[in-house]
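Below is one structure, written out as structure tokens; comments come after it.
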Amino acid sequence: STIANLGLIVACAGVATSEAIWAAILLVIFHAAAKSLLFLCVGTAEHHIGSRDIEDMDLLFERMPKLARFMMLGIMCMFIAPFGMLIAKWATLVSFVDNRQFVLVMLLAFGSAATFMFWGKWLGKLSGIAGMQENVELTVHPSEWISLIVMAAIAVGACILLPLVSSAFVEPYLAGIFDFVGPGISVENLWITSILAVFVFVVLFGALGASKKKRVDVYLAGVAIDSDARVYRNSLSGETAATSRNLYLDNIFGEDILRRPGELLCGIIIVVALIASGIVVPPLM
């Protein structure tokens, strides 16, 4: 995710129009805020569940309800509307299309699709609810909560105040460098995303402390042994815990398998790009 967003920022700098630089600045702001919140959340979760592996974060919404909400907020800030990261990507797409950078448009589409799948699967694992899980966030130190709240406030505040951040800081800076006439997205759309961000934040955190009287046992096809632990009797009369796991196909897409071909391919692309720039660019200057 970080590599993808940094690549997008560099691509915007390469296009070098005022609209692209506007999008790049916002990408830096929102990526910094959301990723900082996520790093803090994952570190806190690791201290209390003993792992930072996504596969071990099943039912974190039950085990650490407040922390899970902060983590879900950070994830949503990274990839869905109406939060600022997606708005910045929207502006990036507009600038690429306006400048006929169709290769960059295809790269943006591919990278966004891959990261969307990743964030979506993680968000789904966090939000799952099944059984009565032990709450392990009671021992989270107040200093950790303060850090999380501050970063969450910065992330949400940046999204809510996006029109003001743009008009008060980004646009004056660009006006001193470019013949800047405005961002690629209308001010009305920026204010709409700002209002919707408030609504999403209220929905996400408004149910904290709500009653659990309507909770029921998880359904395990009538063969449950321990509903709270999600253990059922399988077809061989043994005991099996119901779990949800992602399929990574490490034997095909594992890092050890893809690393060397990937390094070779990227090295060839870099060398070809340098040679091409040395041949094509000088006659144009």
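The opening residue of the sequence shown carries number 370 in our numbering; numbering runs sequentially from there.
We put the beta carbon where it would ideally sit given N, CA and C, even for glycine.
*Is there contact here, the segment 526 to 537 with the segment 433 to 445, by at least three beta-carbon pairs under 8 Å?*
No, because fewer than three Cβ pairs between the segment 526 to 537 and the segment 433 to 445 fall closer than 8 Å, the two stretches do not touch.
*With 16 as the cutoff for other CB atoms within 10 Å, does C635 come out buried or exposed?*
Numbered from its first residue, the sequence shown carries residue 635 at position 266. Looking at its Cβ environment, which holds fewer than 16 other Cβ atoms inside 10 Å, C635 is exposed.
*Could you tell me whether the segment 587 to 594 touches the segment 443 to 457, using the rule of 3 or more Cβ pairs below 8 Å?*
Cβ pair count under 8 Å is below three, so no.
*Report the rounded CA-to-CA distance for L409 versus L517, giving the unit in angstroms.*
Within the sequence shown, the letter at position 40 stands for residue 409. Within the sequence shown, the letter at position 148 stands for residue 517. Near 7 Å, if we compare the C-alpha coordinates of L517 and L409.
*Given that a residue counts as buried once 16 or more other Cβ atoms are within 10 Å of its Cβ, and exposed if not, what is Y601?*
Indexing the sequence shown from 1 puts residue 601 at position 232. Y601 sits buried, since 16 or more C-beta atoms from the chains shown fall within 10 Å of its C-beta.
*Output yes or no for whether 8 Å exceeds the beta carbon distance between D427 and S613.*
Residue mapping note: residue 427 aligns to position 58 of the sequence shown, counting from 1. Residue mapping note: residue 613 aligns to position 244 of the sequence shown, counting from 1. Cβ atoms of D427 and S613: closer than 8 Å.
*Report buried or exposed for W391, applying the criterion of at least 16 other Cβ atoms within 10 angstroms of its Cβ.*
As a working note, residue 391 is residue 22 in the sequence shown. The Cβ neighbour count for W391, taken over all protein chains shown within 10 Å, is at least 16; the residue is labelled buried.
*CA nearest to the CA of Q470, picked from I626, S604, T386, R599*: For this step, residue 470 is matched to residue 101 along the sequence shown. Comparing Cα-Cα distances from Q470 to each of I626, S604, T386, R599, the minimum goes to T386.
*Looking at the structure shown, is V600 part of a helix, part of a strand, or coil, going by DSSP?*
Along the sequence shown, one-based indexing puts residue 600 at 231. Annotated three-state conformation of V600 is strand, per DSSP.
_Coil, strand or helix - I515 by DSSP_ = Residue numbering aside, residue 515 sits at position 146 when the sequence shown is read from its first letter. Of the three classes helix, strand and coil, the one that applies to I515 here is helix, per DSSP.
_A482 classed as buried or exposed, judged by whether at least 16 other C-beta atoms fall within 10 angstroms_ = Position 113 of the sequence shown, counted from the first residue, corresponds to residue 482. When all chains shown are included, A482 counts as exposed.
*Specify the secondary structure class of T609 as computed by DSSP and reduced to three states.*
Walking along the sequence shown from the start, residue 609 turns up at place 240. Strand, per DSSP.
*For A483, which three-state DSSP category applies?*
Residue 483 sits at position 114 when you count from the first residue of the sequence shown. Helix.
*Say the cut is 7 Å; is the CB of V592 nearer than that to a heavy atom of the ligand GTP?*
Ligands in the displayed structure: none, and consequently the ligand GTP is not present.
_Buried/exposed call for I313, threshold 16 Cβ in 10 Å_ = This structure gives no information on residue 313, because the portion of the chain shown stretches from 370 to 654.
*Selected residue, minimal CA-CA separation from Y542, among A380, S370, L395, I378*: Counting from 1 along the sequence shown, the entry for residue 542 is found at position 173. With distances taken between Cα atoms, Y542 lies closest to L395.
*Secondary structure of D427, DSSP reduced to three states*: In the sequence shown, residue 427 corresponds to position 58, counting from 1. Three-state DSSP puts D427 in coil, outside helix and strand.
*For K404, count neighbouring C-beta atoms within 10 Å of its own C-beta (all shown protein chains included) and say buried if the count is 16 or more, exposed if not.*
Locating residue 404 in the sequence shown gives position 35, where the first residue counts as 1. Classification of K404: buried, given that the 10 Å Cβ count is 16 or more.
*Residues bridged to D422 by DSSP?*
Stepping through the sequence shown from its first residue, residue 422 is reached at position 53. Answer is none; D422 lacks a bridge partner.
*Do you know offhand how far T461's Cα is from C381's?*
The residue labelled residue 461 in the question sits at position 92 within the sequence shown. The residue labelled residue 381 in the question sits at position 12 within the sequence shown. If you take the alpha carbons of T461 and C381, they lie about 7 Å apart.
*Which runs of the alpha helix (DSSP H) fall wholly inside the segment 376 to 450 and span at least 4 residues, in chain order?*
DSSP runs (the alpha helix (DSSP H)) wholly in the segment 376 to 450: 387 to 418, 429 to 432, 434 to 448.
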